[in-house]
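Residue numbers (the working numbering), protein chains in the order written: chain A, 1 to 346; chain B, 1001 to 1281. Following: one structure in C-alpha cells, then a few remarks.
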C-alpha cells in the first residue's frame, strides 16, 4: 500500500502554508532560459518539471549568500550588539532534487562538528524538505558515481515519486514529512519507480586514492588552463559552504554579515602580507577537488559531492568536476608511477 | 571543410614555430557547448573544432598568467571577439605582433542563435593575420541592433528600476561575468579591494547594484558586445541590456564603436574639442 497525492493537492498544500505566513520554496521559472529554486509567491509558480536540475541549489535556504549575523553600534568605548534576526520562519522546500537534499546532512556535519552554528541550525530546523525523484537526467548528472541515486532519500523529509498524470507517490521519511502529508494523501496500490540514474562516470574510491598520490601530476595544470577562475561552480554547488565574514557600516556602527566565498578566487587565500599560498588556478582547482574527495571524506567518511552536476551546467568555460575527475582517473591509470614525480607546483 | 582548413593553418603555425600555442575551441563533453583548448603540438590540432557552438570569447584567456606562460599564442576569434582584442591593443594590454590572430567568418553562434548575432554588423573579422571561411548567412539588418534596448527603454524609470531590482536580487557575486570578460583585466578588481572596502562585497541588493553599475560604467566605450557575461551568468541576468545602454550612448554621442579601429585613442583617455557637453548639468 502506498500513499499518493495529486499536483493539485500539492498546490493546495503550498497555498495553505503560504496562507499561514510560512515560506515555501521550489523550482520556478525566472526567465525563458533560467529555472531556479526561489521563494514561491503563489502555489501556481511551482514547476515540478521543466528542467533536470534548477540552476542553483537549496543550500541557499540554510546558508544564504548574504546573511546578516548581527548589528553593532559603537557607543563611546563600548560596542552594543543587536541581534536583529528573529527566529527564521518555517520553510517548506518542494520539488528539491534528491542530490540537493542529500547535501543537507553533509552541511549539518560541517556546521556542527566543532562550532555549533546557531544561524545555520535555526534555518535548518525550520526547514521541511520534500524532494522529487528524478525521472530524467542530463549529461552533467553523476549522482551514481558518488553513491546516490535518482530516488535517494538522504536529507529528505519526504520523497515524491512521479506516477504520471500529475500524480505522485509520497514516501515519508521523517516525522516532519509525515506531519506535512497527514490527511493529505490517498491510499493506493500504485508504486512509483524511476529509471536507473546516469551510468557511473568514475570510481570515487579510485579517484580518492589517485588524487592523494597525484598531487603534483601535470593533469592539474592541464585541466585548469581553461578555468577562468569564477565562483559559478562553488556557488551552484549544494555542498560548497565556504564563507567570508565582513563588517559593513561606518564608524558609528553597521552590520556583521556572512557572505559566500569560493576557493577559486585568488583573494580567498591571499594573506595580509601579500603572500598567496595558492598561486595559480591549477592549485585552486586542485584544492576544490581535494576538499571534496579527500580532505572532507577523511574526516567525515563521505564525499563532499552529491553528483548534482551543477558545476558542469554552470561553468562558463565548459568544465566542471565531472570532466576533471574523469581526466584525473585517466591520468592516474596511464601513469600509476607518477607518485614520485618531481613535477613543478601547478 | 572549414574545420580542416583551421586545423591545417594551426598545424603549420605550430610546425614552423610561428607560435607556441593555439588557443582555440575544442569539443566539450556532451551537453555543453565547446571549451577552450590549448594546443602545443602539430598533432594536437585534431582537437580543434569550428561550429555554431563556439560561443566563448577566447580573448579572455590572454589575460590569464597560466596561458601567457605557454608562449606566443595564436588565437581563434570571431568578429565580436576581435573587437575585444583590438580594445586590448588600444589600451596597451597586448603587443599585437606577439599574438597571431586567426579570424573566423561567422554566421552566428548559439542554439538558438544569440541576440547579438541576429543583428551583427561585423561577421567577418578585419584585423586578423588570417581570415578563414566566408559568411553564408548574413545577419538580419544591423539596424535591429538597439531594438531590444529601445523596447526596454519604453518602460518608465520606475518600471526599469523595478526590473533591475528584481534581476539583480538574484546575483550571488560569483563573478563569472567578470572572469569571462576579456576587458575585465584589472590586476585587482575594485570589488576585491578591502583596505578599505570600496564596493560592498555582499551580494545584497545594494552591493549588487554597486557591482553591476560600476562594471557597466567601467566597460563603457570599451565593451565589445560579445555578450560573454550574459551567457556566463548562472542566474540569467541580462547584462547585455546594461552594456548596450552604455554602447548606444557612446556611439551616439562620441561616434565610438569600441574595437573597430586599432589606431583610435581609447575614448575615456581622449579629449576632442567637438565632444558634447550639454549632458553635463
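Ideal Cβ placement from N, Cα and C applies to all residues, glycine included.
Please decide whether residue 1235(B) counts as near chain A, where near means a Cβ-Cβ distance under 8 Å.
If you number the second chain from 1, residue 1235(B) lands on position 235. With 8 Å as the cut-off, residue 1235(B) counts as an interface residue toward chain A.
Within the continuous alpha helix (DSSP H) that includes residue 120(A), where are the two ends?
Mapped onto the first chain, residue 120(A) falls at position 120. Counting along the chain, the alpha helix (DSSP H) containing residue 120(A) begins and ends at 118-125.
Alpha helix (DSSP H) runs wholly inside the segment 1230-1260 of chain B, at least 4 long, in chain order
Runs of the alpha helix (DSSP H) inside the segment 1230-1260 of chain B: 1239-1254.
For residue 91(A), write down the residues that DSSP places opposite it in a beta bridge.
Counted from its first residue, the first chain places residue 91(A) at position 91. Paired residue(s): 23(A) and 127(A).
Beta strand (DSSP E) segments (min. 3 residues) lying fully within the segment 4-92 of chain A
For secondary structure counted as the beta strand (DSSP E) over 3 or more consecutive residues, the segment 4-92 of chain A holds these complete runs in sequence order: 23-31, 34-39, 66-75 and 78-82.
Find the nearest neighbour of residue 1063(B) within the set 1158(B), 1023(B) and 1150(B), judged by alpha-carbon distance.
On the second chain, residue 1063(B) is found 63 positions in, with the first residue counted as 1. Selected option, being the one with the closest Cα: 1023(B).
Exposed unless 16 or more other CB atoms sit within 10 angstroms - verdict on residue 1095(B):
Taking the second chain and counting its residues from 1, the one referred to as residue 1095(B) is at position 95. Residue 1095(B) comes out exposed.
Taking the alpha carbon of residue 1144(B) as the reference point, which residue from 1125(B), 1169(B), 1164(B) and 1115(B) has its own alpha carbon closest?
Stepping through the second chain from its first residue, residue 1144(B) is reached at position 144. It is 1115(B) whose Cα lies nearest to the Cα of residue 1144(B).
At least one CB of chain A closer than 8 Å to the CB of residue 1010(B): is that the case?
Position 10 of the second chain, counted from the first residue, corresponds to residue 1010(B). By this cut-off, residue 1010(B) is not an interface position.
Looking at the secondary structure, which residues open and close the alpha helix (DSSP H) in which residue 1119(B) lies?
Position 119 of the second chain holds residue 1119(B). Neither: residue 1119(B) is in no alpha helix (DSSP H) and is coded neither H nor E.
Proximal residues of chain B, C-beta to C-beta of residue 239(A) below 8 Å
For this step, residue 239(A) is matched to residue 239 along the first chain. Chain B residues near residue 239(A): none, gap ~16 Å exceeds 8 Å.
Validate contact between the segment 203-219 of chain A and the segment 172-185 of chain A using beta carbons, cut 8 Å, 3 pairs:
no
Excluding the five sequence neighbours on either side, which residues of its own chain have a C-beta within less than 7 Å of the C-beta of residue 1021(B), listed in chain order?
Sequence index remark: in the second chain, residue 1021(B) carries index 21 (1-based). Taken in chain order, the residues that qualify are 1038, 1039, 1040, 1070, 1071 and 1073.
Reduced DSSP secondary structure (H/G/I, E/B, other) of residue 305(A):
Indexing the first chain from 1 puts residue 305(A) at position 305. Correct three-state label for residue 305(A): coil.
In the DSSP output, which residue or residues are listed as bridge partners for residue 260(A)?
Counting from one through the first chain, the residue named residue 260(A) turns up at place 260. In DSSP, residue 260(A) forms a bridge with 243(A).
For residue 301(A), count neighbouring C-beta atoms within 10 Å of its own C-beta (all shown protein chains included) and say buried if the count is 16 or more, exposed if not.
The count along the first chain starts at 1 and reaches residue 301(A) at position 301. Flag for residue 301(A) reads exposed.
List the residues of chain B that residue 48(A) touches, going by C-beta distances under 8 Å, in chain order.
Start at 1 with the first residue of the first chain, and residue 48(A) comes out as number 48. Ordered by position in chain B, no residue passes the 8 Å Cβ test against residue 48(A), which lies about 20 Å from the chain.
So with Cβ pairs under 8 Å, would you call residue 138(A) a contact of chain B?
Mapped onto the first chain, residue 138(A) falls at position 138. So, interface residue.
Return the residue from the list 1217(B), 1019(B) and 1031(B) that minimises the CA-CA distance to residue 322(A).
To locate residue 322(A), count along the first chain from 1; it is residue 322. Minimum Cα distance to residue 322(A) is reached at 1031(B).
Residue 1170(B) CB to nearest chain A CB: under 8 Å?
One-based indexing of the second chain puts residue 1170(B) at position 170. Yes - at least one Cβ of chain A is within 8 Å of the one on residue 1170(B).
Under the assumption that residue 226(A) contacts residue 1174(B) (Cβ atoms under 8 Å), give the Cβ distance between them as a whole number of angstroms.
Here the question's residue 226(A) lines up with position 226 in the first chain. Here the question's residue 1174(B) lines up with position 174 in the second chain. Actually they are not in contact, since the Cβ atoms of residue 226(A) and residue 1174(B) sit about 17 Å apart, beyond 8 Å.
Return the Cβ separation of residue 53(A) and residue 310(A) in integer angstroms, given the expectation that the two are a contact with Cβ distance under 8 Å.
Against the first chain, residue 53(A) aligns to sequence position 53. Against the first chain, residue 310(A) aligns to sequence position 310. 6 Å between Cβ atoms; contact.
Got a sec: which bits of the segment 1238-1266 of chain B sit with their beta carbon under 7 Å from any beta carbon on chain A, in order along the chain?
none
From residue 1185(B) to residue 1081(B), what does the alpha carbon distance come to, in whole angstroms?
Your numbering for residue 1185(B) matches position 185 in the second chain. Your numbering for residue 1081(B) matches position 81 in the second chain. Taking the straight line joining both Cα atoms gives about 15 Å.
When the Cα atoms are used, what is the spatial distance from residue 1204(B) to residue 1127(B)?
Your numbering for residue 1204(B) matches position 204 in the second chain. Your numbering for residue 1127(B) matches position 127 in the second chain. Their Cα atoms are separated by approximately 42 Å.
Could you please give the first and the last residue of the uninterrupted beta strand (DSSP E) stretch that includes residue 1024(B)?
Reading the second chain from its first residue, position 24 is the one you call residue 1024(B). Its beta strand (DSSP E) spans residues 1021-1027.
Tell me residue 250(A)'s beta-bridge partners as DSSP assigns them.
Against the first chain, residue 250(A) aligns to sequence position 250. Note: residue 250(A) sits in a beta bridge opposite 253(A).
State the beta-bridge partners of residue 1035(B) as determined by DSSP.
Position 35 of the second chain holds residue 1035(B). Answer is 1026(B), bridged to residue 1035(B).
Using a Cβ-Cβ distance under 8 Å, would residue 1034(B) count as near chain A?
As a first step, residue 1034(B) must be located in the second chain, where it is residue number 34. Output row for residue 1034(B): interface = yes.
CB-CB under 6 Å to residue 28(A), same chain, minus the five flanking residues each way: which ones, in chain order?
Counted from its first residue, the first chain places residue 28(A) at position 28. Counting only Cβ-Cβ distances below 6 Å, and skipping sequence neighbours, we find 38, 45 and 47.
With DSSP run on the structure shown, which of helix, strand or coil describes residue 340(A)?
Walking along the first chain from the start, residue 340(A) turns up at place 340. Residue placement at residue 340(A) cannot be trusted, given a pLDDT of 42 that sits under 50; what the coordinates show is reported in the next sentence. Helix, per DSSP.
Let me check one thing: in DSSP terms, what residues is residue 1180(B) bridge-paired to?
Taking the first residue of the second chain as 1, we reach residue 1180(B) at position 180. Beta-bridge pairing links residue 1180(B) to no other residue.
Find out if the Cβ-Cβ distance for the pair residue 1034(B), residue 1049(B) is shorter than 8 Å.
Walking along the second chain from the start, residue 1034(B) turns up at place 34. Walking along the second chain from the start, residue 1049(B) turns up at place 49. Yes, they are a contact pair.
Compile a chain-ordered list of the residues in the segment 202-232 of chain A whose CB is closer than 8 Å to at least one CB of chain B.
221, 224, 225, 226, 228, 229, 230, 231 and 232
C-alpha distance - residue 1264(B) paired with residue 1246(B), whole-angstrom precision:
Indexing the second chain from 1 puts residue 1264(B) at position 264. Indexing the second chain from 1 puts residue 1246(B) at position 246. Taking the straight line joining both Cα atoms gives about 19 Å.
Compute the distance between the beta-carbons of residue 1180(B) and residue 1232(B), then report whether it is under 8 Å.
By 1-based counting over the second chain, the position of residue 1180(B) is 180. By 1-based counting over the second chain, the position of residue 1232(B) is 232. Against a cut-off of 8 Å, the Cβ pair of residue 1232(B) and residue 1180(B) comes out as a contact.
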